[in-house]
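At position 137 of the sequence shown the residue is numbered 189 (the numbering used here), and the sequence of numbers has no breaks. Report on the structure given below.
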Amino acid sequence: MGISLNRRKRQKVGALALVLVTALLAGCSGAGAKTEPQQDASQADSPPGTSATAKKPEPATLRILTELASAWPVQKDWAVWRWVKEKTNITMVQETQTGPESMALAIASGDMPDLFSIFPGDAQKYGPQGAFLDLSKHLDKMPNVKAFLASRPDVAQRMTSPDGEMFQLLNDGSGVSNQMVWFYRDDIFKQHNLQEPKTWDELYETAKKLKQLYPDSYPFVFRHGLGTMSTFAPSFGIYPSFHEDMNTGKMKYGATDPGFKTLIEYLYKFNKEGLIPPDWLSMDYKSWTQFITTNKSFITVQYIGQIETMNAELKNGAHLKFMPPPLGKGSKPYLPKGDIEVFGFGVSSKTKKLDAVLRFLDFAYSKEGKDILSWGKEGETYTYENGKRKLLPQFKTPVDLRKEAGIMTAGTYGLFDYEAMMSLSNDNERYSYQEAEKYRFPIVEVLPPLKPEESMSISALQDQIEKYYKTSVTKFILGETPLSQWDAYVSELDKMGLQKLLGVYQTGLDRIKAKK
Numbered sequence: 053m054g055i056s057l058n059r060r061k062r063q064k065v066g067a068l069a070l071v072l073v074t075a076l077l078a079g080c081s082g083a084g085a086k087t088e089p090q091q092d093a094s095q096a097d098s099p100p101g102t103s104a105t106a107k108k109p110e111p112a113t114l115r116i117l118t119e120l121a122s123a124w125p126v127q128k129d130w131a132v133w134r135w136v137k138e139k140t141n142i143t144m145v146q147e148t149q150t151g152p153e154s155m156a157l158a159i160a161s162g163d164m165p166d167l168f169s170i171f172p173g174d175a176q177k178y179g180p181q182g183a184f185l186d187l188s189k190h191l192d193k194m195p196n197v198k199a200f201l202a203s204r205p206d207v208a209q210r211m212t213s214p215d216g217e218m219f220q221l222l223n224d225g226s227g228v229s230n231q232m233v234w235f236y237r238d239d240i241f242k243q244h245n246l247q248e249p250k251t252w253d254e255l256y257e258t259a260k261k262l263k264q265l266y267p268d269s270y271p272f273v274f275r276h277g278l279g280t281m282s283t284f285a286p287s288f289g290i291y292p293s294f295h296e297d298m299n300t301g302k303m304k305y306g307a308t309d310p311g312f313k314t315l316i317e318y319l320y321k322f323n324k325e326g327l328i329p330p331d332w333l334s335m336d337y338k339s340w341t342q343f344i345t346t347n348k349s350f351i352t353v354q355y356i357g358q359i360e361t362m363n364a365e366l367k368n369g370a371h372l373k374f375m376p377p378p379l380g381k382g383s384k385p386y387l388p389k390g391d392i393e394v395f396g397f398g399v400s401s402k403t404k405k406l407d408a409v410l411r412f413l414d415f416a417y418s419k420e421g422k423d424i425l426s427w428g429k430e431g432e433t434y435t436y437e438n439g440k441r442k443l444l445p446q447f448k449t450p451v452d453l454r455k456e457a458g459i460m461t462a463g464t465y466g467l468f469d470y471e472a473m474m475s476l477s478n479d480n481e482r483y484s485y486q487e488a489e490k491y492r493f494p495i496v497e498v499l500p501p502l503k504p505e506e507s508m509s510i511s512a513l514q515d516q517i518e519k520y521y522k523t524s525v526t527k528f529i530l531g532e533t534p535l536s537q538w539d540a541y542v543s544e545l546d547k548m549g550l551q552k553l554l555g556v557y558q559t560g561l562d563r564i565k566a567k568k
């Protein structure tokens, strides 16, 4: 879904909101309160797939809070919710977040939606506080979910706490759309007899040549600020975060690695010589699009689907093509391992419509649900030609499906058949997906689950280190702090307590490995 780069930012909320959440949940746990909602017998339902003669489930209305995606704003009349109602007799009312604190405030308000679209960090933070239900206790009422988890133990592991709780139900199937890749203006390269840069040294030299040819340009552009370090860093052998070292199997903090320093040295040169836009730190999608479509930039990194989205806007023979990631340091260039999903469902502990919630979730993870929530409905979104489904002409790109029907947007699916999106692709796009698989970093940038007491013990420290990292790296790239101060930066992180964080995450990683 294109959400993985900002997940750490979205997982952070203000201290006031967190206090409100804790106070509210504590107040609700006194006499007469129930930690698990009672199921409404009038909403009892049969699992999807029962016979046609089974009694139709009682109607229900559920509220769901999802992220706000500016590229495909939420529409009340999205067909995807109508299809859900036709199959489950459930009316879904979608609400959207307005900022990073929206989820915490929704929980603290006492008027919680029945469902949330959440990241793993949200589940780990609010689940143990009592905001979200432990779904492991309700799997018997969700046979399709249960079957999915049995078939995908890797996904089950990522959504299960060290104590066996399941505060989140992860989506699966569309993770490939989260893959970040490099692409370039191959028409410009052909025109000037330029070769694809195979190393960061060649990338630098190529960017300088393009700057000479197009003095008003910024040859290399990217739009996720410091978040883009997670795309660059694998070609230097690391992620700029806490992750498992692919050589030692131990936790490490990549932002102190010599390879990361080399990356920052390159970016300092790119910035100093005007090879990247001066507003690279705050570049938004609209600005990035303008750079790409107006001959202002020729090399970029973005979500893989953006190659063809941009090609549809380019005119006069302009064309973008997948580019293998240039090697920075080490023996092989890499892209981040982006073929997983980090979004999922959380269920409010205060819902009074648990049976309907479980019915919706089980439908979303059923074969029938996967089919209709991926492809839509025959006659509305697709027809059959020669025995194969073909999306209707008005859907030219995956973005069209999202904007017009709500397909593959936050909270609208459990399992997804990505072939629906790939059916819209041309040879150039299929080439991109095939090539990207060759360069995926062996390690995924996902933290091991922690116990509540472990998370609490490092929460403030992690925020401090994250803030120091962002401030320091920004200053290095902008030249406000000389790179001769790199060792001082590393030493300061150690003084702040970096080794404590590594120790806690190592404990979490060891637990996972002990279960294998």
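Backbone N, C-alpha and C fix where the C-beta goes; we use that ideal spot for every residue, glycine too. Just so we're clear, the structure is a prediction, and the values are computed from it rather than from any experiment.
Whole-angstrom distance between residue 315 and residue 405, CA atom to CA atom: 51 angstroms
Using a Cβ-Cβ cutoff of less than 8 angstroms, which residues in the same chain neighbour residue 151 once the five nearest sequence positions on both sides are dropped? none
For residue 332, the three-state DSSP class (helix, strand or coil): coil
Within the 8 angstroms Cβ cut-off, does residue 220 reach chain C? In the structure shown, chain C does not exist; there is a single protein chain.
Work out the CA separation of residue 129 and residue 450 for me, nearest whole Å. 18 angstroms
Assuming residue 233 is part of the beta strand (DSSP E), what are its boundary residues? 232-237
Is residue 396 near residue 170, with beta carbons less than 8 angstroms apart? yes
Below 6 angstroms CB to CB, which residues in the same chain sit around residue 375 once its five sequence neighbours on both sides are set aside? When the five nearest sequence neighbours on each side are left out, the beta carbons in the same chain lying within less than 6 angstroms of the beta carbon of residue 375 are those of 234, 235, 236 and 248, in order along the chain.
So is residue 223 buried or exposed if we call it buried at 16+ other beta carbons inside 10 Å? Around the beta carbon of residue 223, 16 or more other beta carbons lie within 10 angstroms, which makes this residue buried.
Please give me, in chain order, every unbroken run of the beta strand (DSSP E) with length at least 3 that falls completely inside the segment 270-331. 294-296 and 303-305
Helix, strand or coil at residue 398 [DSSP, three-state]: strand
Ignoring anything shorter than 4 residues or poking outside the segment 400-442, list the alpha helix (DSSP H) runs there in chain order. 406-416 and 419-427
Take residue 77 and list the residues in its own chain whose beta-carbon comes closer than 7 angstroms to its own, dropping the five residues that flank it on each side. Note that residue 77 scores 41 on pLDDT, short of 50, meaning its location in the model is unreliable; the coordinates nonetheless yield the value given after this. So the list reads 181, 182 and 183, once near-sequence residues are dropped.
Identify every run of the beta strand (DSSP E) within the segment 133-186, keeping only runs that are complete inside it and at least 3 residues long; order them along the chain. 142-148 and 167-170
Closest by CA to residue 549, which one among 530, 511 and 566? 511
Taking its Cβ as the centre, do 16 or more other Cβ atoms sit within 10 Å of residue 566, making it buried, or is it exposed? Residue burial is scored here from C-beta neighbours: residue 566 has fewer than 16 other C-beta atoms within 10 angstroms and is therefore classed as exposed.
Is it right to say residue 383 is buried, meaning 16 or more other beta carbons lie within 10 angstroms of its own, or is it exposed? exposed
Helix, strand or coil: which one does DSSP assign to residue 354? strand
If you drop the 5 nearest sequence neighbours on each side, which residues of the same chain put their C-beta closer than 7 angstroms to that of residue 266? 347
Under a three-way DSSP split, which group does residue 468 fall into? coil
Would you grab the beta carbon distance between residue 500 and residue 564 for me? Rounded to a whole angstrom, and I think it's under 8 angstroms. 5 angstroms
Based on the DSSP secondary-structure assignment, which residues constitute the bridge partners of residue 374? Bridge partners of residue 374: 235.
Enclosing alpha helix (DSSP H) for residue 454 [first to last residue]: Here the alpha helix (DSSP H) through residue 454 covers 450-457.
Quick test of your reading: residue 356 and residue 372, contact by CB under 8 angstroms. State the CB separation rounded to the nearest angstrom. No, residue 356 and residue 372 are not in contact; Cβ-Cβ is about 11 angstroms, not under 8 angstroms.
Is it right to say residue 244 is buried, meaning 16 or more other beta carbons lie within 10 angstroms of its own, or is it exposed? exposed
So residue 460 and residue 468 are in contact, right, with Cβ under 8 angstroms, and what is the actual spacing, rounded? Indeed, because the Cβ distance is near 6 angstroms, the residues count as touching under 8 angstroms.
Please confirm whether residue 393 and residue 226 have their CB atoms less than 8 angstroms apart. yes
Counting pairs of beta carbons, one from the segment 131-144 and one from the segment 425-437, are three or more of them closer than 8 angstroms? yes
Should residue 186 be listed as close to the ligand ADP, given that the test is whether its C-beta is under 7 angstroms from any heavy atom? The ligand content of the structure shown is nil, which means the ligand ADP is not present either.
Three-pair Cβ contact test at 8 angstroms for the segment 311-328 versus the segment 524-532: yes
Going by C-alpha distance, which of 253, 252 and 261 is nearest residue 246? 261
Inspect the beta-carbon positions of residue 280 and residue 353 and report whether they are closer than 8 angstroms. Yes, the pair counts as a contact, with Cβ atoms nearer than the cut-off.
What do you reckon, are the CB atoms on residue 294 and residue 303 nearer than 8 angstroms? yes
Helix, strand or coil, according to DSSP, for residue 121 in the structure here? coil
Per DSSP, which residues does residue 112 bridge with? Please list them. According to DSSP, residue 112 bridges with 142.
Proximity of residue 135 and residue 424 at Cβ, strictly below 8 angstroms: Yes, the Cβ-Cβ distance between residue 135 and residue 424 is below 8 angstroms.
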